[in-house]
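Undergrad:
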Amino acid sequence: MELISPTEFAKQKVLAVQDYTLMTAQSVANLFRKPVYFADIIQQADLIGVGSLPIVILSGFFTGAVLAVQSANTLQRFGSITLIGQLVSLSMVRELGPVLTGLMVAGRNASGMASELGSMVVTEQIDAMRALGTDPMKKLVAPRVVATVFMLFFLTILSDLVGLAGGLFVSKILLNLDARQYWSNAWQSLVFQDVFMGLVKPVMFGFIIATVGCYYGMTARGGTQGVGRATTQAVVAASVLIVVVDLFVTQFLMNVLKYK
Amino acid sequence: MSAPTLPLNSAAAATREAAAHAIEFQDVHIEFEDHEVLRGVSFCLPFGETKALFGVAGSGKSTILKLALGLLKPDSGRILVLGKDVTETPEEDLFALRAKIGMVFQESALFDSLTVRENVAYRLIEEQGFADAVIEQRVLEALRFVELEHTIDKFPSELSGGMRRRVAIARAIITQPEVILYDSPTGGLDPITSNTIIELIMKQRDVYHTSSLLVSHRLQDAFVMATHQFDQRTNQMRALPRGQFCDVLMSFLMLRDGKVIFDGDVRQLAHSKDEYIKEYIS
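Here you go:
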């Protein structure tokens, strides 16, 4: 493997950030420019949203369930086992729902976007599209960004719901708690700030997943090996970005929403 | 081959009056990763003419086509296509110009998730405003031109290399562009299929008078184009008598080390004194 100088390495990274920023800015600007590819948006929403349903439901349900199992032990020691609904709902809605759904969708769709667009780049299909008078940023990137942001929002709501159902399952079947008490506890503990925070995050994560996936796809070089590399990098970058951005968004929203 | 009734572009005449040449390169330089591929390339492609580009692998032939389409930007120099400076024009404004240019890529570059019908109709669907029946008719005409009507519902992966190349030609000609760029259209194909494709390119030149740049590694293809003419009555190409080679609008351009070393017709090429050219064509 060829070694490159630290200066060259730093230059490459700065250039990559610059290219990514330009691409994201362009993808946002394209939302307000004609033509808008509605059919492609619907198709992507189906692929990304409906296609991700099984993994989001499964991961959401079992996360809620394991959260209830883990916290039951601690809560029991303090005689607060009845608060299990509150703990599961706050954890799922504020944090685990958006982040886990984001990571699941990133694993499935950022890789899909990178490999699909990367294959199109290396087989000159992107050049052909430009040659045929179509802007690939509008035709390929913008619909993916819109569809991912839109669908991740609803997938997260669904994940929160099935996560609560998972917690209920453990509370009722394993811990013999009252289901009505669990639900009322889970429901009443949520305030506007919790729901708002839980719904802002998927919008940002959806944007990250789509733009990172598309960026690595559109910049893929070096044949099938390059496409494979782009796919892996897209999943890694999108997942890490989601976790990092989550911390800053949480802190920012806590300050803005004046959490006590 | 039956001649289709592809609609003639009425805007073409206006463009021909406004612009001096279909394509004009003026002292174009471009380098990739410290390697200068083109070093001051200048040439003109008159309207209605087909210019064959030759040179060894990596000499910048495909780069010239991508520059003409505005897919790449030169480091310096000017490129005028249909009178418009593509080096100065932003990408957003180039899409309108590209609608007047057809391109046949080296590996066809068909959209593998679309059927042959959708690939060929792509430009018409994107332009919008065409009724489905009109699109269907135009697709059939274009596919008839390349004799591939029966493949209309197939996917590119179900076609042979030669068939994919012919579908790519159908996709390029469906809107009757004013300029067509062919990137090694016969590369890697058997002689019979190559001949069919050369005949199609010749037909486009002689029947529709489309200006084109043809990148090729096969010198014999370009010589066939320079010494034959498409006969509409018989729907076949026919050899021209020796004295009439200059009747067809065909020229040759040869690149070496990023520079143009020859730009002329078949006679001038055959009588060139340059040792490199002599060796190349021998």
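Read top to bottom, the protein sequences are chains Z and X. Just so we're aligned, residue 1149 is where the first sequence starts under the working numbering, counting upward by one. Just so we're aligned, residue 5 is where the second sequence starts under the working numbering, counting upward by one. Even for Gly, the Cβ is constructed at its ideal location relative to N, Cα and C.
Residues of the segment 1260-1288 of chain Z in Cβ contact with chain X at a cutoff of 7 Å, in chain order, please.
TA: Going along the segment 1260-1288 of chain Z in chain order, one finds Thr1271, Glu1272, Gln1273, Asp1275, Ala1276, Arg1278, Ala1279, Leu1280, Gly1281, Thr1282, Asp1283 with a Cβ nearer than 7 Å to chain X.
Undergrad: What residue from Thr1296(Z), Met1345(Z), Lys1406(Z) has the CA that sits closest to Asp1188(Z)'s CA?
TA: The shortest Cα separation from Asp1188(Z) among Thr1296(Z), Met1345(Z), Lys1406(Z) belongs to Thr1296(Z).
Undergrad: Apply the 10 Å Cβ neighbour rule to Thr1372(Z) and answer buried if 16 or more other Cβ atoms are within range, or exposed otherwise.
TA: By the neighbour-count rule (16 or more Cβ atoms within 10 Å), Thr1372(Z) is not buried but exposed.
Undergrad: Less than 9 Å separating the beta-carbons of Ile287(X) and Gln208(X)?
TA: In this structure chain X extends from 5 to 286, so residue 287(X) is not present and cannot be described.
Undergrad: Taking 8 Å as the cut-off, does the segment 1338-1350 of chain Z touch the segment 1274-1292 of chain Z (at least 3 CB pairs, one atom from each stretch)?
TA: Not touching, per the Cβ criterion.
Undergrad: Just the C-alpha distance for Met5(X) and Met229(X), rounded to the nearest angstrom, thanks.
TA: In this prediction, Met5(X) has a pLDDT of 41, which is less than 50 and means its spatial position is unreliable; nothing more can be read from the coordinates.
Undergrad: Can you tell me which of Glu28(X), Glu53(X), Ser63(X), Gln236(X) puts its alpha carbon nearest to the alpha carbon of Arg287(X)?
TA: Nothing about residue 287(X) can be reported from this structure: the residues present for chain X run from 5 to 286 only.
Undergrad: Between the alpha carbons of Pro11(X) and Tyr212(X), how many angstroms are there, rounded?
TA: For Pro11(X), the predicted model reports a pLDDT of 47, less than 50, meaning its position is unreliable; a value from the coordinates is still stated below. If I take the Cα positions, the gap works out to 10 Å.
Undergrad: Could you pull the start and end residues of the beta strand (DSSP E) that Tyr186(X) belongs to?
TA: Note, Tyr186(X): beta strand (DSSP E), 183-187.
Undergrad: Check distances from the C-beta atoms of the segment 113-145 of chain X to those of chain Z and list, in chain order, the residues that come in under 8 Å.
TA: Within the segment 113-145 of chain X, the qualifying residues are Ala113, Leu114, Phe115, Asp116, Tyr126, Arg127, Glu130, Glu131, Gln132.
Undergrad: Among Phe266(X), Val270(X), Arg271(X), which one has its Cα closest to the Cα of Asp278(X)?
TA: Ranking the options by Cα distance to Asp278(X), first place goes to Phe266(X).
Undergrad: What do you get for Thr1380(Z), buried or exposed, if any count of 16 or more other CB atoms within 10 angstroms of its CB means buried?
TA: Label assigned to Thr1380(Z): exposed.
Undergrad: Beta-carbon separation of Gly1197(Z) and Ile1356(Z) under 9 Å?
TA: Not a contact, by the Cβ cut-off of 9 Å.
Undergrad: State the DSSP-derived secondary structure class of Thr197(X), mapped to helix, strand or coil.
TA: Correct three-state label for Thr197(X): helix.
Undergrad: So what's Gly166(X) in DSSP terms, helix, strand or just coil?
TA: Helix, per DSSP.
Undergrad: Starting from Asp235(X) and walking both ways along the beta strand (DSSP E), at which residues does that stretch end?
TA: 232-235 is the span of the beta strand (DSSP E), which, as asked, contains Asp235(X).
Undergrad: Kindly say whether Met107(X), judged by its beta-carbon, lies nearer than 9 Å to any beta-carbon of chain Z.
TA: It does: the Cβ of Met107(X) has a partner Cβ on chain Z nearer than 9 Å.
Undergrad: Can you name, in chain order, every residue of its own chain whose Cβ lies under 8 Å from the Cβ of His275(X), other than the five neighbours on each side?
TA: Contacts found: none.
Undergrad: Compute the Euclidean distance between the alpha carbons of Glu28(X) and Val270(X), then round it to the nearest angstrom.
TA: Looking at the two C-alpha atoms, the distance is approximately 21 Å.
Undergrad: According to the neighbour-count rule (16 or more other Cβ atoms, all chains shown, within 10 Å of its Cβ), is Gln141(X) buried or exposed?
TA: So Gln141(X) ends up on the exposed side.
Undergrad: Run through the DSSP bridge pairs and tell me what Phe106(X) is partnered with.
TA: Checking the sequence, you will find Gly at residue 106(X) rather than Phe. Partner(s): Ile184(X).
Undergrad: Using the Cα positions of Leu1151(Z) and Ser112(X), report the straight-line distance between them to the nearest angstrom.
TA: When rounded, the distance between both Cα atoms is 36 Å.
Undergrad: Tell me Lys55(X)'s beta-bridge partners as DSSP assigns them.
TA: DSSP lists Leu217(X), Ser255(X) as partners of Lys55(X).
Undergrad: For chain X, find out if any of its Cβ atoms is closer than 9 Å to the Cβ of Pro1350(Z); answer yes or no.
TA: Pro1350(Z) does not count as touching chain X.
Undergrad: Figure out for me which residue from Phe1344(Z), Lys1320(Z), Ser1263(Z) has the closest Cα to the Cα of Gly1370(Z).
TA: Measuring from the Cα of Gly1370(Z), the nearest candidate turns out to be Ser1263(Z).
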